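Scroll down for the structure; my scribbles are underneath it.
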């Protein structure tokens, strides 16, 4: 049973659950106490020992039935068929290779064993043979759907199909009606076992490979330039960004708890441990006051940048619980407060409205900065991180560097994300080099991974 449990833990890890070696040993010990007979107790025990987060629990709940139904079915069929297998082994086997009483063909050597297995109808023997072939061929290592045919073939070869195929070719080359009939029977046996092997590999893929495939596709999407994403990629990105937000929220929460603890307060610790003769059992820490994140996002939604803005706003608004004060503005010609729109509608509908209402007109960074200052001069203070997402192309209008410098003086940090590569900064009407001296961070932002990294760094500044 230990092999089954370690295989299940491999499946959990493939699906993204974090299971350590120590937790694997704990699971073995726990199951040795509660036993394997009661599936519900087994599920609960493994969930308690192995699943540390809500995400891990969901993975465990999804995989448990898929994995253990397969394992238990295989064991039950093997157990039920053990007696029949023993009885059949006592019967004499025909060694003739040209035919059999039921009109089939048995061949010689390896193909005889494969053929007899396929024609036996003995589910126990077939299931056991499939399980052994899967283990020998490494089919548990399947990660992508495209590997199904490869592992199916390897399983069949482990079971002896190659000898049967050689026999089938020999019969076809013979050309006689009897040989043709025998070849047809051999081909039917091979097709039946190929179907069973493929079904087995499909189940292995559901347990071991599907999550790995999804993780691979997610990784491809987040590292692909946003401007190259297809409509299908957009749908996948929604789920990816939600997981990004959850990951950032957890990381930021842990970071704040760790830093908020501060330094050891010696005097209070000594006073609190007088009853222990000064032995410091209870530690008292000097707590540090940390500012909660306040973010003002200013986004250029002109045609060349709108796609990038979509993912920044999606990520920020998925993080609202961890950000004390989040304000979002979009502009092309004039600045527009888009927070109320994002809160009142579903995200896709809100983005269409934002791009339609704020995206028209010639891009004017200077006018957008004027509108921001006129809207609320006290919006930005020493606790505020200003996130600017735009290419800095002003259409040769006044960039209002004086206003940007004033905002930089008041803000905690200014982080500018530019979708254009550094080689294009300053070319044509790009004023990125003019804005750069007033930015805490100015970085190229091409992928969703870049946006996640920038937001993480912004949150890290608040401890």
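In our numbering, the protein residues as written are 380 to 842. C-beta: ideal position from N, C-alpha, C; glycine also. Keep in mind that this is a model prediction, so the values were computed, not measured.
Can you tell me where the beta strand (DSSP E) with residue i in it begins and where it stops?
i: residue 847; result: Residue numbering for the chain in the displayed model covers 380 to 842; residue 847 lies beyond these limits and cannot be assessed.
i: residue 679; result: 673-679
i: residue 792; result: 792-797
i: residue 355; result: Limits of the chain in this structure are 380 at one end and 842 at the other, which puts residue 355 out of reach.
For the alpha helix (DSSP H) that residue i lies in, which residues bound it at each end?
i: residue 645; result: 645-651
i: residue 713; result: No alpha helix (DSSP H) holds residue 713; DSSP gives it neither H nor E.
i: residue 780; result: 780-789
i: residue 506; result: 502-516
i: residue 717; result: Careful: residue 717 lies outside any alpha helix (DSSP H) and carries neither H nor E.
i: residue 556; result: 556-583
i: residue 425; result: 418-429
i: residue 697; result: 685-697
i: residue 594; result: 589-601
i: residue 393; result: 381-393
i: residue 548; result: 540-553
i: residue 726; result: 726-737
i: residue 343; result: With the chain represented from 380 up to 842, any question about residue 343 goes unanswered, as that position is not in the structure.
So is residue i buried or exposed if we call it buried at 16+ other beta carbons inside 10 Å?
i: residue 664; result: exposed
i: residue 381; result: exposed
i: residue 548; result: exposed
i: residue 412; result: exposed
i: residue 588; result: buried
i: residue 791; result: buried
i: residue 730; result: buried
i: residue 599; result: exposed
i: residue 537; result: buried
i: residue 610; result: exposed
i: residue 485; result: Confidence in residue 485 is poor, its pLDDT being 40 and thus under 50, which makes the residue's placement too unreliable to answer from.
i: residue 432; result: exposed
i: residue 642; result: exposed
i: residue 473; result: Per-residue confidence for residue 473 stands at a pLDDT of 37, beneath the threshold of 50, marking its modelled position as unreliable; the derived number appears in the next sentence. Counting Cβ neighbours within 10 Å, residue 473 comes out exposed, since fewer than 16 surround it.
i: residue 511; result: exposed
i: residue 491; result: buried
i: residue 418; result: exposed
i: residue 754; result: exposed
i: residue 614; result: exposed
Are the CB atoms of residue i and residue j nearer to each other than 8 angstroms?
i: residue 438; j: residue 396; result: yes
i: residue 822; j: residue 833; result: yes
i: residue 595; j: residue 543; result: no
i: residue 802; j: residue 679; result: no
i: residue 694; j: residue 623; result: yes
i: residue 767; j: residue 804; result: no
i: residue 685; j: residue 734; result: yes
i: residue 586; j: residue 710; result: no
i: residue 550; j: residue 535; result: no
i: residue 444; j: residue 527; result: no
i: residue 661; j: residue 652; result: yes
i: residue 789; j: residue 760; result: yes
i: residue 359; j: residue 579; result: Here the chain covers residues 380 to 842 and nothing more, so residue 359 does not appear.
i: residue 628; j: residue 571; result: no
i: residue 575; j: residue 505; result: yes
i: residue 813; j: residue 782; result: no
i: residue 626; j: residue 612; result: no
i: residue 745; j: residue 798; result: no
i: residue 721; j: residue 696; result: yes
i: residue 704; j: residue 673; result: yes
i: residue 708; j: residue 677; result: yes
i: residue 404; j: residue 421; result: no
Going by DSSP, name the residue or residues bridged to residue i.
i: residue 804; result: DSSP output for residue 804 lists no bridge partner at all.
i: residue 665; result: 642
i: residue 823; result: 797
i: residue 535; result: According to DSSP, which records beta bridges pairwise, residue 535 is partnered with nothing at all.
i: residue 704; result: 673
i: residue 813; result: According to DSSP, residue 813 bridges with nothing at all.
i: residue 772; result: 809
Could you check how far apart the C-beta atoms of residue i and residue j are, in whole angstroms? I think they sit under 8 angstroms.
i: residue 827; j: residue 619; result: 7 angstroms
i: residue 675; j: residue 758; result: 6 angstroms
i: residue 808; j: residue 775; result: 5 angstroms
i: residue 425; j: residue 406; result: 6 angstroms
i: residue 742; j: residue 681; result: 5 angstroms
i: residue 848; j: residue 583; result: Past the boundaries of the shown model lies residue 848; the chain is included only from 380 to 842, so the question cannot be answered.
i: residue 398; j: residue 391; result: 5 angstroms
i: residue 531; j: residue 577; result: 5 angstroms
i: residue 811; j: residue 771; result: 4 angstroms
i: residue 533; j: residue 516; result: 4 angstroms
So that I know if they touch, is there some Cβ in chain B lying closer than 8 angstroms to that of residue i?
i: residue 690; result: No chain B appears in the structure shown, which is made up of a single protein chain.
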